[in-house]
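Peer 1: Input: one structure, supplied below.
2 protein chains.
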Amino acid sequence: MERGDADLGVKQTSLSRFLDGDFWAVKNELRMQIAESPLFQQRYDLSLDEMRDLTFERLKFILSLPLVQQAFREMEFIINTPCDSAAKMYIGNAMKGNYAAVFAQLIINGKSQGPHCFIVPIRDQNGNMYPGVKAIDMMYKEGLHGVDNGILTFNQVRIPRENLLNKFGSVSPNGKYSSCIQSTGARFNAMLAALTPTRLALTFQALGAMKLGLTIAIRYSHSRRQFGPKDKEEVKIIEHQTQHLRLMPHLATALALTFTSRYAGEMLDEDVYHNRDLVNNRPLQALVAGLKAYSTWENLSCLQDCRECTGGMGFMMENRIPGLKCDSDVFVTFEGDNVVMLQVVVRELLAQYTRQYEESPVFGLLRNWTSSVADSLRTSFLAFSSDKISSLVFFLKAVHFRERVLQRGLAARLYHKVMKQKEDFFYAWNSCLHHVVTLALAHIHRVTLEQFALAVESCPVPADQSLLMELLELCKLVKDDALKVVSAFNIPDNTIQAPIAGIPNPRAHWAYYPPPQQEGDSNVSKKINAKL
Amino acid sequence: MERGDADLGVKQTSLSRFLDGDFWAVKNELRMQIAESPLFQQRYDLSLDEMRDLTFERLKFILSLPLVQQAFREMEFIINTPCDSAAKMYIGNAMKGNYAAVFAQLIINGKSQGPHCFIVPIRDQNGNMYPGVKAIDMMYKEGLHGVDNGILTFNQVRIPRENLLNKFGSVSPNGKYSSCIQSTGARFNAMLAALTPTRLALTFQALGAMKLGLTIAIRYSHSRRQFGPKDKEEVKIIEHQTQHLRLMPHLATALALTFTSRYAGEMLDEDVYHNRDLVNNRPLQALVAGLKAYSTWENLSCLQDCRECTGGMGFMMENRIPGLKCDSDVFVTFEGDNVVMLQVVVRELLAQYTRQYEESPVFGLLRNWTSSVADSLRTSFLAFSSDKISSLVFFLKAVHFRERVLQRGLAARLYHKVMKQKEDFFYAWNSCLHHVVTLALAHIHRVTLEQFALAVESCPVPADQSLLMELLELCKLVKDDALKVVSAFNIPDNTIQAPIAGIPNPRAHWAYYPPPQQEGDSNVSKKINAKL
Chain A
10 MERGDADLGV KQTSLSRFLD GDFWAVKNEL RMQIAESPLF QQRYDLSLDE
60 MRDLTFERLK FILSLPLVQQ AFREMEFIIN TPCDSAAKMY IGNAMKGNYA
110 AVFAQLIING KSQGPHCFIV PIRDQNGNMY PGVKAIDMMY KEGLHGVDNG
160 ILTFNQVRIP RENLLNKFGS VSPNGKYSSC IQSTGARFNA MLAALTPTRL
210 ALTFQALGAM KLGLTIAIRY SHSRRQFGPK DKEEVKIIEH QTQHLRLMPH
260 LATALALTFT SRYAGEMLDE DVYHNRDLVN NRPLQALVAG LKAYSTWENL
310 SCLQDCRECT GGMGFMMENR IPGLKCDSDV FVTFEGDNVV MLQVVVRELL
360 AQYTRQYEES PVFGLLRNWT SSVADSLRTS FLAFSSDKIS SLVFFLKAVH
410 FRERVLQRGL AARLYHKVMK QKEDFFYAWN SCLHHVVTLA LAHIHRVTLE
460 QFALAVESCP VPADQSLLME LLELCKLVKD DALKVVSAFN IPDNTIQAPI
510 AGIPNPRAHW AYYPPPQQEG DSNVSKKINA KL
Chain B
10 MERGDADLGV KQTSLSRFLD GDFWAVKNEL RMQIAESPLF QQRYDLSLDE
60 MRDLTFERLK FILSLPLVQQ AFREMEFIIN TPCDSAAKMY IGNAMKGNYA
110 AVFAQLIING KSQGPHCFIV PIRDQNGNMY PGVKAIDMMY KEGLHGVDNG
160 ILTFNQVRIP RENLLNKFGS VSPNGKYSSC IQSTGARFNA MLAALTPTRL
210 ALTFQALGAM KLGLTIAIRY SHSRRQFGPK DKEEVKIIEH QTQHLRLMPH
260 LATALALTFT SRYAGEMLDE DVYHNRDLVN NRPLQALVAG LKAYSTWENL
310 SCLQDCRECT GGMGFMMENR IPGLKCDSDV FVTFEGDNVV MLQVVVRELL
360 AQYTRQYEES PVFGLLRNWT SSVADSLRTS FLAFSSDKIS SLVFFLKAVH
410 FRERVLQRGL AARLYHKVMK QKEDFFYAWN SCLHHVVTLA LAHIHRVTLE
460 QFALAVESCP VPADQSLLME LLELCKLVKD DALKVVSAFN IPDNTIQAPI
510 AGIPNPRAHW AYYPPPQQEG DSNVSKKINA KL
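Line order of the protein sequences matches chains A and B. Using the numbering used here, you'd call the opening residue of the first sequence number 10 and step up by one each time. Using the numbering used here, you'd call the opening residue of the second sequence number 10 and step up by one each time.
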């Protein structure tokens, strides 16, 4: 069943609902409310201060929406202030906020209990700084101009005992410290675990940017014509082999990441619902860390291809892609640098590897490395005949095999360096860092491919299922159906705003390209529109 | 011999002179004059109009320098206005210029003689538009904010006959057309050939951005410390394996491209000196097209790694890398999209291939494809034993072999499609486009590697030669010598301006990291400074 909404350019289809998942109705409602607000018109002519003010207004608008208010009433808050104890840089809202959540070493009677989170008042209601608090504005960045990042420093600022957030530890009136977690290291890990939801949120942000960029680049590629056979009409640029070979893998990845991030989100919900501590769910922490790295890198690569595939038009701010690139560039080093995130993944993989062989430390069972390399995995790999190379099952097994080989190889290398050569663990690990990163990416690629395949299997509408299967197997037909997929991303025209995607813009009428026609579909949607 | 110039942070060494080539003295003079001018302080707080005015002032300053004035007196001008006959978009200086060089179809008595270049007055000295001329401002872009790109349209604008630039064709007072080149197609190619120097200039611009980005990222990596063995001092981040594995290949590529672009520049000079027409030097056109594509893509990839390797600091405008990224992003689609540039390379390679076998058309000799695949090249490849894999000679032969295999394969595919299957050439070529792009890159990689190897061979100072050889072979020692190389790029501190590279900046004192110490070198330079 399709419903055309001519005003906002949103067309709900079975596929768009499948991609949105259980919360499709809520998402649609929010999409519409944001698309209809003039606050969300893109602006390129504002000074830094004006842009920061606009961002503040946008945030207020979103927080005031009934659906968001309701969600806040129902939600477990998690403090997300990034912990950079050395310099306290990059604090968002540092130039306007009234309170800061500060991670600091809790020292009682000269003894440190590790970092804890404190609520520190920094400004009064009129914006005057409290004594001992100093804020430095970090000013101009590559993007995210609406966010006022700054540096806070504290000089002997006194706060009441109650301002310690006491989930992991508290101090009694007579100065006695108590905590449900004994070691300071474990308490620190518990606090770092609280970053998991933020990291997953970054994956969703990266996905949003990818989907918007792909929508613009694919619509333009189906509209703009260039080159062609002699004395005939020029072809649509999507027909150029390099154009679809560059864009289609990103489209498939955007879908794969949609399903994988939903899977991680469901695991997180499950933990929250059962009131379990995230710190005990290390596989989830590792999954989210890996997803954060993969999705934010993939987003940059995708947006760069979208920019290049739209030529000079893609360099114009009005066409959105440059702004998306500059704003999301920081994601790859933010909330945990991607290279560090991949190391989190591998530490968990090695821990699992050890448990699997029921020995510890990590390198226990690696002594029989020589016997394990020629195991059944390799045999099953070689059992495939070459004509099956394109099949999904082969591909799934191949990526699984790659991961296992990398995992065993890394464990063997570390075992040799640390146990045999007696190298310091830091240097041993560092000399394998390229291997570590490769393994982590192989792992997250495998998980993502599996989740994509599972989602396609569970898709209820056969036509949608075939379309997703085409994307999953990346066959050449995909380019013609790509318009259907980006339209199922369900981004309102008012949110797309790019004239090259067929959305008129009075500030850049010269950049307008008519919206592309999906062949075979145009009649259907005309009929539906006529009925409404 | 070394000369320390403490004020400007420039230290001339034998290596810096070798990297600068014959014109090292002129380059140094220009570097100093630009570094000393306050006009070139980076500004991030300006509106679009203010940024455009500043850019105009900077241009006037450079054009007024005696060395530049002298160069203009000695130089063959070439009109570089990009030819986009459909829309006339992206015209630089469209909002301020008095004249435009316009490529338009020359139609005499209803017959087109192909595109020619005309000088059209667009504004008077007071900035008023002439009748029939309209300019549309393209406004906000990802970068290059100082360049006012616009769209010009002409409605029956009359210009005198003499305003036709008549290098390739002229019109007599009685309306007769004459040209030294007979076919309109050949005349069009002659005009496109005039883009060659501009494309080479883009390679130099990309190189400049890479060198600056690398200087900043490598200096910071040798200064900032993070992580380390337990209970010991944290290590410099350059020590992290991922950090040097990401940065060192870019440093090597920057050197390789320095020598290859110089080689192309010398070929171009040679032609200009002998007053030869560029149109007849198709190998040079293809080399420059390939270099443009390779260097501009490599620049983006390099700057992205520099940005990520400097973390959140690299996201701050004051640290220069974001601005370099945004400004040079357009190079990959500007003055000929990179994918189109690579097709120029391959058309020339196929033409050479045909000539080599003294047959035409292109696909002539491919009939004996089956006999040629097993030729001596393959044999010579397999003759290498595996222990030589790291040697330069092996590497040179390997990239040569890869190129030849790709070339033969492509020729065979095209021959089969066009001659046997009778496919239209456009569709046959399009279906091989990925192969075409791969071949073109293989070609330009081979040429670049060869030029790098030749330059290292000709390096007069043994110590410099060994250092360059390390970069060429990318051995692990390189990271420690990387500081020497970036210092030989000879970029004045006033031009670097980034506080994370150890250049104090009062606007961002919080970002300052002390300049890195080159071990073993610090004493030498201290001594030299003491003498001055």
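All C-beta atoms in this analysis are idealised placements derived from N, C-alpha and C, irrespective of residue type, glycine included. Computed from a predicted structure; not experimentally measured.
Helix, strand or coil for A:T22, going by three-state DSSP, please let me know.
Peer 2: DSSP, read as helix, strand or coil, puts A:T22 in coil.
Peer 1: Can you tell me whether DSSP reads A:G123 as helix, strand or coil?
Peer 2: strand
Peer 1: Name the chain C residues whose beta carbon is nearer than 9 Å to that of A:H249?
Peer 2: Absent from the structure: chain C. Protein chains present are A and B.
Peer 1: How long is the line joining the alpha carbons of B:M276 and B:L405, rounded to whole angstroms?
Peer 2: 22 Å
Peer 1: What is the DSSP secondary structure of B:Q114, reduced to helix, strand or coil?
Peer 2: strand
Peer 1: Which residue's Cα is closest to the Cα of A:Q42: A:L358, A:F70 and A:R52?
Peer 2: A:F70
Peer 1: Quick one: is A:Y99 buried, meaning 16 or more other Cβ sit within 10 Å of its Cβ, or exposed?
Peer 2: buried
Peer 1: Measure the beta-carbon distance from B:R417 to B:H444 and round it to whole angstroms, keeping in mind my assumption that it falls under 8 Å.
Peer 2: Their Cβ separation, rounded to whole angstroms, is 11 Å, which puts B:R417 and B:H444 out of contact at 8 Å.
Peer 1: Going by Cα to Cα distance, which pick from B:G141, B:E171 and B:S23 is closest to B:Q165?
Peer 2: B:G141
Peer 1: Assuming the contact rule is C-beta atoms closer than 8 Å, A:S496 and A:K20 should be a hit. Round their C-beta distance to whole Å, please.
Peer 2: 6 Å
Peer 1: Would you say A:R316 lies against chain B (beta-carbon separation less than 8 Å)?
Peer 2: yes
Peer 1: Touch check for the stretch 113-126 of chain B and the stretch 158-177 of chain B: three-plus C-beta pairs under 8 Å?
Peer 2: yes
Peer 1: Would A:T224 count as contacting chain B if we go by Cβ distances under 8 Å?
Peer 2: no
Peer 1: Looking at the C-beta of A:T447, does it have a partner C-beta in chain B at a distance below 8 Å?
Peer 2: no
Peer 1: Does the distance from the CB of A:Q122 to the CB of A:T193 come in under 8 Å?
Peer 2: yes
Peer 1: DSSP state of A:P525, grouped into three classes?
Peer 2: It is coil, neither helix nor strand.
Peer 1: Reducing DSSP to helix, strand and coil, say where B:Y436 ends up.
Peer 2: helix
Peer 1: Per DSSP, A:A144 is paired with what?
Peer 2: Its beta-bridge partners are A:L161.
Peer 1: In this structure, what does DSSP give as the bridge partners for B:K245?
Peer 2: B:R234
Peer 1: Which residue's Cα is closest to the Cα of B:E482: B:L442, B:W306 and B:L264?
Peer 2: B:L264
Peer 1: Nearest chain B C-beta to A:H425 closer than 8 Å, yes or no?
Peer 2: Taking a beta-carbon distance threshold of 8 Å, A:H425 does not count as an interface residue toward chain B.
Peer 1: On the three-state DSSP scale, how would you describe B:L486?
Peer 2: coil
Peer 1: Using a Cβ-Cβ cut-off of 8 Å, state whether A:I398 counts as contacting chain B.
Peer 2: At A:I398, the pLDDT of 46 sits below 50, so the modelled position is not reliable; the number obtained from the coordinates is stated separately. Closer than 8 Å: no.
Peer 1: Can you say whether B:G136 is buried or exposed, counting buried as having 16 or more other CB atoms within 10 angstroms of its CB?
Peer 2: exposed
Peer 1: Check the C-beta distance from A:H259 over to A:C311 and give it rounded, since I have them as a contact under 8 Å.
Peer 2: 4 Å
Peer 1: Return helix, strand or coil for A:L55, following the three-state DSSP convention.
Peer 2: coil
Peer 1: Are A:A109 and A:L161 close, meaning C-beta to C-beta below 8 Å?
Peer 2: The Cβ atoms of A:A109 and A:L161 lie closer than 8 Å to each other.
Peer 1: Return the bridge partner residues of A:I128 from the DSSP annotation.
Peer 2: BP columns for A:I128 point to A:A110.
Peer 1: Would you verify that the beta carbon of A:P542 is, or is not, closer than 8 Å to some beta carbon of chain B?
Peer 2: Only positions 10 to 541 of chain A appear in this structure, which leaves residue 542 of chain A out of reach.
Peer 1: Just how far apart, CA to CA, sit B:I398 and B:L458?
Peer 2: The pLDDT assigned to B:I398 is 47, lower than 50, so where the model puts this residue is not dependable; a value taken from the coordinates is nonetheless given after this. Roughly 16 Å separates the two Cα atoms.
Peer 1: For B:K150, which three-state DSSP category applies?
Peer 2: strand
Peer 1: Do the CB positions of B:S73 and B:L216 come within less than 8 Å of each other?
Peer 2: no
Peer 1: B:F112: buried (16+ other C-beta within 10 angstroms of its C-beta) or exposed?
Peer 2: Buried, since its Cβ has 16 or more Cβ neighbours within 10 Å.
Peer 1: Looking at C-alpha atoms only, which residue of A:L401, A:P524, A:V348 and A:P471 is the closest neighbour of A:L448?
Peer 2: It is A:V348 whose Cα lies nearest to the Cα of A:L448.
Peer 1: Would you identify the three-state DSSP class for A:M200, choosing helix, strand or coil?
Peer 2: For A:M200, the secondary structure class from DSSP, reduced to helix, strand or coil, is helix.
Peer 1: So, B:R413 versus B:E357, is the Cβ gap smaller than 8 Å?
Peer 2: No; because the gap between Cβ atoms is not below 8 Å, this pair is not in contact.
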